[in-house]
Amino acid sequence: MTELTKLTLAKARAGLANGNFTSTELTNAFLTAIEAGNGDLNAYVTVTGDAALARAKESDDRIAKGDDVRPLEGLPLGIKDLFSTEGVHTQACSHVLDGFKPRYESTVTANLRDAGAIMLGKLNMDEFAMGSSNETSYYGPVVNPWQRTNDNGDLSNDKLVPGGSSGGSSASVAADLCLAATASDTGGSIRQPAALTGTVGLKPTYGRCSRYGMVAFASSLDQAGPITKTVEDAGLMLAQMASHDLKDSTSVDVPVPDYTKVLGQGIKGLRIGVPKEYRIDGMADETEKLWQQGIDWLKDAGATIHEISLPHTKYALPAYYIVAPAEASSNLARYDGVRYGLRVPGEDLIETYEKSRAAGFGREVKKRVLVGTFVLSAGFYDAYYTKAQKVRTLIKQDFDKAWENVDLVLTPTTPSPAFAQGEKSGDPIAMYLEDIFTVTVNMAGLPGISVPGGLSAEGTPLGLQLIAKPFDEETLLRGGEVIEKAAGRFTPAARWWQS
Amino acid sequence: MAAATDNLIAGATGDWEIVIGLEVHAQVNSKAKLFSGASTEFGGAPNSHVSLVDAAMPGMLPVINRECVAQAVRTGLGLNAQINLRSTFDRKNYFYPDLPQGYQISQLYHPIVGEGEIEIDVDGDAKSIGIERLHLEQDAGKSIHDMHPDYSYVDLNRSGVALMEIVSKPDMRSAKEAQAYVTKVRTILRYLDTCDGDMEKGNMRADVNVSVRKPGDELGTRCEIKNVNSIRFIGQAIEIEARRQIDIIEDGGKIDQETRLYDPRAGETRSMRSKEEAHDYRYFPDPDLLPLEFDQAYVDDLKTGLPELPDEKRARFMADMGLSVYDASVLVVDKDNADYFEAVAAGRDGKMSANWVINELFGRLNKEGLEVEQSPVSAAQLGELIDLISSDTISGKIAKDVFEIVWSEGGAPAAIVEERGLKQVTDTGAIEAAVDEVVAANPDQVKKAIDNPKLAGWFVGQVMKATGGKANPQAVQAIVKAKLGL
Amino acid sequence: MEVDETTVRRIARLARIEVTDEEAASLKGELSGILQWVEQLEEVNTDNVEPMTRVVPIALKQRDDVVTDGEKVEDVIANAPMSEDNFYVVPTVIE
């Protein structure tokens, strides 16, 4: 049974087509694994077992008949809690959306459903996608299935974070509690958790996937994407998740290619940019080494390496922490206890608003809403918000110039590997710095992928990030595949959560 | 109170000038809402014309309605305003139960329409009033406070309906000018069919900004009187507010810039300031939308589709039909009225048609509180009546009687005249005979009339009576004069 | 930028989030820290740079003026904490 859960999406799909096993068997294998392991990992906040098995049966019928077998037929997935799923818990892991079960489906999950995929349940995340460690969820933190190795070679019991905000997604994929998961990325929330869990995380170009039905955090930055075990799986997922949606004014009408066609194409003759500004002060040696290793792998695969300059890199993070909270402060205004979610009654209307939101929002969310409210307020708008949006233009222009000379940009995904719970909770800036390499990509609206590159000295995963031109996810996948072939796959040494 | 020519109000310390600016909120005529596909139809069961976007469910996104964009451009053209080929949408952030998103999508920084101007008439004087801008924004829902002492009931049917906010320059100097301005804007909107201008339903409402100053001084602090929903109240509110401000200043006080409400029953304006902080709306560009852009060809295309506007129509009535500026102005205020008039005047004498339409028809409609669409007398019927007068078939006086019959009983005027034998007597022989009779029977009157020719009218009256009103009065008059040798 | 407690309370009121005295005190420090950190943007020369108004280089899509939505009061009211006769019900507003 456990062998089934270890399969990649592509292998599971082939197995179903071959009749090696049924979707019902596959789904049951995952439900059993979740039952056994979710207590330790807390990756799922709700499991939809009955519905999943019903869908599995339907898929088995289709496959048996060979009748209208859809691209992801019968394949069980985990869905991040911020995707609206009709009739099912959708709270972005916040208390303020207590009890909310939407009467509608997000476009991304509808696409997956229509492709025949099966939802196992909703995955834990940082509340309202605000966080880099999945420690701010109303449902408690997610535990990384990876553990550090002590100096004496034993595995440490310290609970590590799986990254955030898509911590439930990354942990469940790494722990084989689903074949693949949907996630979202606003400043790095797909790529950073993927890097910390040895999985593949793909954030597509802004506008590639529809935001309709996604609980909004920062509208000009949010983008849905997959977390998977392999690069091939990421391509399979994106091909179904992406679409042009008339219900989302920022959705772009560009055809969705068959991403699997690029597999095996390699990167011969492509130009790889290595941005010097990403070499930051105090960068860990092993991160530096991994980056160099990545450069070598790509060179060996026939690409040419070019040092490039992205001069405004270091300003991306502070600019992000103005723009994102500003948009969030406005997007979260609708959580007022009037039409859905938590209502804590007060003496009058204002008190009801204030009490409901104070009780409903967690600490990090409150902080960011207040920062956002401040930077938009009278007297500060120009100095903060307008300034940040101008810096954003410069960051994009840096990349536009770079694309004249290179096809892909290679950087480490994170400054360091997975840290322990509570380790970065003291200083907000320390936590924010987790996104230092990823946030530029959101600010410029570009696609980015994190691929496992190696292990840290403590035996925990490290990721390499590739960035590509708008709507060039194909080149991302080609480059990602090269790294994956060279680096190999990484899985946790001990499956401690399964006992 | 005010000298009509200078619009100044007398205070205790001298004369004061009122400075008025108006913000008109006009609900756009469209089937669906500005950013959602729900219906804009009035009425409807609570929360029935509400989509999940309007209800601000998590993950919902706005998509703009192209007809609302077109309506805003048409209105801008009707206001002789600059159309901005590129405009953006901004969020205006505040909390209120009838504002489900917690923000209103509006246009602060780059509105769709820029500066323009329209002409108004006050007591025969023309004046140009500047338009500052026009922008599109969402309307809010409705909170009902009187269904329960402790609770408010919220209906989002109106939430998200498209509004055009038309901001004037502070060019008005009297209540009458303000009323003329709003009336003109309403006329233009109705001509263009971009808004029905129904103030009673709240489809058009005005925020009135009033300040006072001594002539030549800097602008005074203004107060905004919100949501005034009739032209009459706009006038009243301005005069009351101006007087309030003058009294405060003359007593040595200062005007606080604030928002006020007009209470027509109490005859006063009241401060709306609640215990909340002053609003900081934190406007910023809506990241769910992109800039709205179109080309000049789009604008030009809309322009060719516009109907003739009131000023042009008035000019045409004056030039082609010789109407006075007063009559032409009255006729063009409402497009339906103007269309009715044109149907009557087609192929007929313009001035006579105008006289009948304005004095007889409109007078009667006003008395009965009817709109021209509900007129029991159709343009065709009125036209036929006028034809009967022009052909001397009936007299003007008889025509009024026939009008009354058509109004209350219906029927074709020519048939009525025929059936009831109302034809005018023009046969001079018959009239002479009638005159002779009266002259013969009243020798004393004859003597009086010869001394005082004005008294000839008595004879005309007697002959009219004797002929049952059917004699042609002009002919009678001429014959009487001749017979009496006057 | 150093924010004081009064500012924290004013911002919290704008955001309709109740803060206790304790929270106000700690938020003061945290917010000040974040705002001071983002102020490094002042180092960047942004003369003649336009703020980013669109991430994607596309035109704003417009939809036809057709009623395609609404008439779903059940869905609209379903999750409401308090409702009556299909109205949302809230504690009264003081005008």
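Protein chains in written order, with this note's numbering: chain A, 1 to 499; chain B, 1001 to 1486; chain C, 2001 to 2095.
Even for Gly, the Cβ is constructed at its ideal location relative to N, Cα and C.
Predicted, not measured: the structure shown is a model, and the values here were computed from it.
Straight-line Cα distance separating residue j from residue i
i	j	result
A/Leu41	B/Ser1030	53 Å
A/Tyr381	A/Glu327	13 Å
B/Val1402	B/Leu1382	10 Å
B/Gly1059	A/Cys209	13 Å
A/Ile436	B/His1145	50 Å
B/Ala1315	B/Pro1170	27 Å
A/Gly372	C/Ala2024	16 Å
B/Gly1043	A/Val45	43 Å
B/Ala1056	A/Ile483	43 Å
A/Val276	A/Val439	In the sequence on display, residue 276 of chain A carries Lys and not Val. Distance between the alpha carbons of A/Lys276 and A/Val439 is about 16 Å.
A/Leu77	A/Asp60	16 Å
B/Ala1456	B/Val1476	11 Å
B/Asp1054	B/Ser1159	6 Å
B/Ile1225	B/Thr1259	6 Å
A/Leu112	A/Gly448	21 Å
B/Glu1276	B/Phe1095	Below a pLDDT of 50, predicted positions are generally treated as unreliable, and B/Glu1276, at 47, falls in that range; the measurement from the model is reported next regardless. Near 11 Å, if we compare the C-alpha coordinates of B/Phe1095 and B/Glu1276.
B/Thr1269	B/Ile1231	16 Å
B/Met1001	B/Asp1327	Note that B/Met1001 has pLDDT 42, beneath the 50 cutoff, so the model's placement of it is unreliable and no number is given.
B/Met1464	B/Lys1470	7 Å
Whole-Å CB distance - residue i paired with residue j, under 8 Å assumed
i	j	result
B/Gly1037	C/Val2067	6 Å
B/Asn1472	B/Ser1395	6 Å
C/Val2056	A/Gly207	4 Å
B/Ala1237	B/Val1208	6 Å
B/Gly1350	B/Gly1322	6 Å
A/Ala29	A/Thr48	That belief does not hold up - the Cβ atoms of A/Ala29 and A/Thr48 are roughly 16 Å apart, past 8 Å.
Delimiting residues of the alpha helix (DSSP H) encompassing residue i
i	result
A/Ile322	316-331
B/Tyr1298	1296-1304
A/Val509	The structure shown does not extend to residue 509 of chain A, since chain A is modelled only from 1 through 499, so no value can be given for it.
A/Val391	387-403
The beta strand (DSSP E) enclosing residue i, as first and last residue numbers
i	result
B/Ile1405	Counting along the chain, B/Ile1405 falls outside any beta strand (DSSP E), though it belongs to the alpha helix (DSSP H) covering 1396-1409.
B/Cys1223	1223-1228
A/Pro428	No beta strand (DSSP E) contains A/Pro428, which is instead part of the alpha helix (DSSP H) from 428-432.
A/Gly273	271-275
A/Gln502	Because chain A in this structure spans residues 1 to 499, residue 502 of chain A falls outside the shown range and cannot be described.
A/Ala224	223-228
CB contact check: residue i to chain C, cutoff 9 Å
i	result
B/Pro1097	yes
B/Asn1047	yes
B/Gly1043	no
A/Tyr321	yes
A/Asn415	The question names Asn, but residue 415 of chain A is Pro in the sequence shown. No, A/Pro415 does not count as interfacial toward chain C.
A/Val262	no
A/Val256	no
B/Asp1280	yes
Neighbour flag for residue i against chain B, beta carbons, 9 Å
i	result
A/Asp61	no
C/Thr2007	no
Contact test: residue i Cβ vs the ligand NAP heavy atom, cutoff 8 Å
i	result
B/Gly1429	Within the structure as shown, the ligand NAP is missing, as the structure has no ligands at all.
Short CB-CB distance (under 9 Å) between residue i and chain A
i	result
B/Gly1102	yes
C/Glu2071	no
Quick one: any contact between the stretch 1008-1026 of chain B and the stretch 1242-1252 of chain B, if contact means 3 or more CB pairs under 8 Å?
-> yes
Counting pairs of Cβ atoms below 8 Å between the stretch 468-482 of chain A and the stretch 408-420 of chain A, do you hit three or more?
-> yes
At least three beta-carbon pairs within less than 8 Å, the stretch 219-230 of chain A to the stretch 1066-1079 of chain B = no
Does the pairing of the stretch 21-33 of chain A with the stretch 50-67 of chain A give three or more beta-carbon distances under 8 Å?
-> yes
For the stretch 424-444 of chain A against the stretch 249-262 of chain A, are there 3 or more C-beta pairs whose distance is under 8 Å?
-> With contact defined as three or more Cβ pairs closer than 8 Å, the stretch 424-444 of chain A and the stretch 249-262 of chain A are not in contact.
With a cut-off of 8 Å, do at least 3 Cβ pairs link the stretch 1134-1152 of chain B to the stretch 1101-1108 of chain B?
-> yes
Answer yes if the stretch 440-456 of chain A comes into contact with the stretch 332-352 of chain A, meaning at least three C-beta pairs across the two stretches below 8 Å, and no otherwise.
-> no
Would you check if there are 3 or more beta carbon pairs closer than 8 Å linking the stretch 138-150 of chain A to the stretch 457-469 of chain A?
-> yes
If we count Cβ pairs, one from each stretch, closer than 8 Å, do we get three or more for the stretch 306-324 of chain A versus the stretch 66-84 of chain A?
-> no
Okay, do the stretch 350-370 of chain A and the stretch 296-311 of chain A touch, 3+ Cβ pairs below 8 Å being the bar?
-> no
Could you tell me whether the stretch 182-190 of chain A touches the stretch 155-170 of chain A, where touching means 3 or more Cβ pairs closer than 8 Å?
-> The answer is yes - the stretch 155-170 of chain A touches the stretch 182-190 of chain A, with three or more Cβ pairs under 8 Å.
Are there three or more Cβ pairs, one per stretch, closer than 8 Å when the stretch 1169-1185 of chain B is compared with the stretch 1019-1028 of chain B?
-> Yes: at least three Cβ pairs fall under 8 Å.
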